[in-house]
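Using the numbering used here, you'd call the opening residue of the sequence shown number 35 and step up by one each time.
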Amino acid sequence: MKKDTSTKTILITGAAGFIGFHLCRRLLEDGYQVAGIDNLNDYYDVRLKKARLEQIQNIKNFRFFKISLEEKDTVLNLFHSEKFDYVVNLAAQAGVRYSLINPYAYVDSNIYGFLNILEGCRHNKIKHLIFASSSSVYGLNTKMPFSTHHNVDHPISLYAATKKANELMAHTYSYLYGIPVTGLRFFTVYGPWGRPDMALFIFTKAILDGKPIDVFNFGRMKRDFTYIDDIVEGIVRVLDKIPGSNRDWNSNNPDPSTSIVRYKLYNIGNNNPVELMRFIEILEDCLGKKAQKNLLPIQPGDVPETYADIDDLTTDAGFTPSTGIENGIRKFVEWYKWYYKFNETNK
Numbered sequence: 035m036k037k038d039t040s041t042k043t044i045l046i047t048g049a050a051g052f053i054g055f056h057l058c059r060r061l062l063e064d065g066y067q068v069a070g071i072d073n074l075n076d077y078y079d080v081r082l083k084k085a086r087l088e089q090i091q092n093i094k095n096f097r098f099f100k101i102s103l104e105e106k107d108t109v110l111n112l113f114h115s116e117k118f119d120y121v122v123n124l125a126a127q128a129g130v131r132y133s134l135i136n137p138y139a140y141v142d143s144n145i146y147g148f149l150n151i152l153e154g155c156r157h158n159k160i161k162h163l164i165f166a167s168s169s170s171v172y173g174l175n176t177k178m179p180f181s182t183h184h185n186v187d188h189p190i191s192l193y194a195a196t197k198k199a200n201e202l203m204a205h206t207y208s209y210l211y212g213i214p215v216t217g218l219r220f221f222t223v224y225g226p227w228g229r230p231d232m233a234l235f236i237f238t239k240a241i242l243d244g245k246p247i248d249v250f251n252f253g254r255m256k257r258d259f260t261y262i263d264d265i266v267e268g269i270v271r272v273l274d275k276i277p278g279s280n281r282d283w284n285s286n287n288p289d290p291s292t293s294i295v296r297y298k299l300y301n302i303g304n305n306n307p308v309e310l311m312r313f314i315e316i317l318e319d320c321l322g323k324k325a326q327k328n329l330l331p332i333q334p335g336d337v338p339e340t341y342a343d344i345d346d347l348t349t350d351a352g353f354t355p356s357t358g359i360e361n362g363i364r365k366f367v368e369w370y371k372w373y374y375k376f377n378e379t380n381k
């Protein structure tokens, strides 16, 4: 029997962002009442963010609020007036490399902004807070696949450090105020409507424009590329999997992924790392055009490989990401050519 979603209101922060837009669209299709907030900042092309919003803004169950998470009073007033059932916090200053240039943006959005979300949840009896973490928290870890049961105290970018801080802050609020919280560590998300600062977007544009691409770590980088539909399905699956206290949790041998409080961490990744050179080969096949490659050393803040252990997600939520990289890249290329009106005459 289909569950009744029409009486449930979900707040999605970062609603004009890549993941936020796709999640809003899916939840609206499922019948939820969705409130989206975003500050539409210019970290990347604002026109793309507005174009995403245009896809969903006229759906009757969707309301949009142009708000920055750092606006404490505005955020708290919205929580008080709207009475959300669930909150999915996806808003953040993203990007490992940009954190080397503008570190303050990460503290403002990812730390102070997330604190305002936690305070909103604290004072308004939110049933479940889901928040975005990142595979970048694994930092100097080398044991593969990366598991939420592993210690992650050695991040190598400020972006990763803020995401680790989010996990700690969420646990603290769960302990102090009983808020059920679930953190999701996303692994290299890609797909239609993606971010222009991500490799797939950058490579596609450069190859089509006949320009060279920068290939870091001499192409030996490996990533657990995860298609956007799988990310969204994972979020939807855990929405009603409200964590309880783990009574078997042992303070003498603490498991980082769970707790005596209502707190849980999951990886959402494809569970299948792909070498960057293979990724580029598939993209070349989809574009019908070869890339000019600048082979370069690894950049500060980058990790050489990511690989997600998703056993807990599969066990608890009954879900395993399944979109292969060939199919996912093809769908992105189709969208890119449609969105940018690219055809043979552009070559």
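Cβ coordinates follow ideal geometry from the N, Cα and C atoms, glycine included.
What's the gap between the Cα of R281 and the Cα of Y77? 43 Å
Using the rule of at least 16 other Cβ atoms within 10 Å of the residue's Cβ for burial, across every protein chain shown, is G212 buried or exposed? exposed
When G228, I93, A125, D79 are compared against R59, the one with the closest alpha-carbon: I93
Counting C-beta neighbours from all protein chains within 10 Å, is the total for N286 16 or more, i.e. buried, or is it exposed? exposed
Note down, in chain order, each residue of its chain lying with its Cβ closer than 7 Å to the Cβ of Y140, except the 5 sequence neighbours on either side. Q127, S133, L192, Y193, T196
Distance check for I53 and T357, CA to CA, integer angstroms please. 16 Å
Any contact between the stretch 107 to 121 and the stretch 173 to 189? By contact I mean 3 or more CB pairs, one from each, below 8 Å. no
Using DSSP bridges, identify the partner residues of A342. A342 is bridged by DSSP to F180.
Pick from T41, F259, K298: whose alpha carbon is nearest that of I164? K298
Can you give me the C-alpha to C-alpha distance between R296 and D243, rounded to a whole angstrom? 50 Å
Count the C-beta pairs between the stretch 107 to 116 and the stretch 173 to 184 that are closer than 8 Å, then say yes if the count reaches three, no if not. As far as the Cβ criterion goes, the stretch 107 to 116 does not touch the stretch 173 to 184, which means the pair count is below three.
Quick one: residues in its chain with C-beta nearer than 6 Å to the C-beta of A240, no 5 flanking neighbours on either side, listed in chain order? I247
In angstroms, rounded to a whole number, what distance separates the CA positions of L149 and T43? About 21 Å.
Beta-carbon contacts of D289 that lie in its chain and below 8 Å, excluding the five residues immediately before and after: Contacts found: H183, N280, W283.
Just tell me which of A351, Y207, P338 has its CA closest to the CA of I445. This structure cannot settle anything about residue 445, because the visible part of the chain is limited to 35 through 381.
Quick check on F55: does DSSP put it in helix, strand or coil? helix
Entirely within the stretch 200 to 263 and at least 3 residues each: give me those beta strand (DSSP E) ranges in chain order. 215 to 220, 247 to 249
Based on DSSP bridge pairs, tell me the residues matched to I302. F220
The stretch 328 to 337 in contact with the stretch 364 to 371 per 3-pair CB rule at 8 Å: Cβ pair count under 8 Å is below three, so no.
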